[in-house]
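Single-structure report; data block below.
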Amino acid sequence: MSEKIRVIAKFSPKADKVDEVRAILSEFVEPTRAENGCVVYDLLVNEADPADLTFYEEWESAEDLAAHSKSEHLAVGRKKLEGLLEKPADVRKYILVK
Numbered sequence: 524m525s526e527k528i529r530v531i532a533k534f535s536p537k538a539d540k541v542d543e544v545r546a547i548l549s550e551f552v553e554p555t556r557a558e559n560g561c562v563v564y565d566l567l568v569n570e571a572d573p574a575d576l577t578f579y580e581e582w583e584s585a586e587d588l589a590a591h592s593k594s595e596h597l598a599v600g601r602k603k604l605e606g607l608l609e610k611p612a613d614v615r616k617y618i619l620v621k
């Protein structure tokens, strides 16, 4: 059995695009939660900084995460985000320390 993968994906919208980016990212949640291998997929906003948007994800396997990365709804969302972010999303993958 493969090891669960955790992902932290941080998004930094341009100052005048925070609400638009938040709405686009919110569209990812339901279809992603329905994907095979998705354990947790939560969009978080920093209480102190509403422009700090972060996904916390947990996947059953690297294969499930790879399939998610190729999903149509993610491709559509990436297109919608073009030009709305200060910098590319900071996506980091983690495994549990044993």
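In my numbering, the protein residues as written are 524 to 621.
We treat Cβ as the ideally placed atom computed from N, Cα and C, and that holds for glycine.
Between residue i and residue j, what straight-line distance do the alpha-carbon atoms span, to the nearest angstrom?
i: residue 531; j: residue 563; result: 11 angstroms
i: residue 596; j: residue 533; result: 18 angstroms
i: residue 527; j: residue 549; result: 24 angstroms
i: residue 529; j: residue 582; result: 6 angstroms
i: residue 611; j: residue 620; result: 28 angstroms
i: residue 589; j: residue 571; result: 32 angstroms
Pick helix, strand or coil for residue i, following the three-state DSSP scheme.
i: residue 620; result: coil
i: residue 536; result: strand
i: residue 526; result: coil
i: residue 588; result: helix
i: residue 597; result: helix
If you measure between the beta carbons of residue i and residue j, is that distance less than 8 angstroms?
i: residue 609; j: residue 536; result: yes
i: residue 566; j: residue 544; result: no
i: residue 594; j: residue 553; result: no
i: residue 525; j: residue 592; result: no
i: residue 560; j: residue 542; result: no
Below 8 angstroms on the Cβ atoms is my contact criterion, and I expect residue i with residue j to pass it. Report the Cβ-Cβ distance as a whole number of Å.
i: residue 538; j: residue 574; result: 7 angstroms
Bridge partners of residue i, per DSSP?
i: residue 622; result: Here the chain has residues from 524 to 621 only, and residue 622 is not among them.
i: residue 613; result: 533
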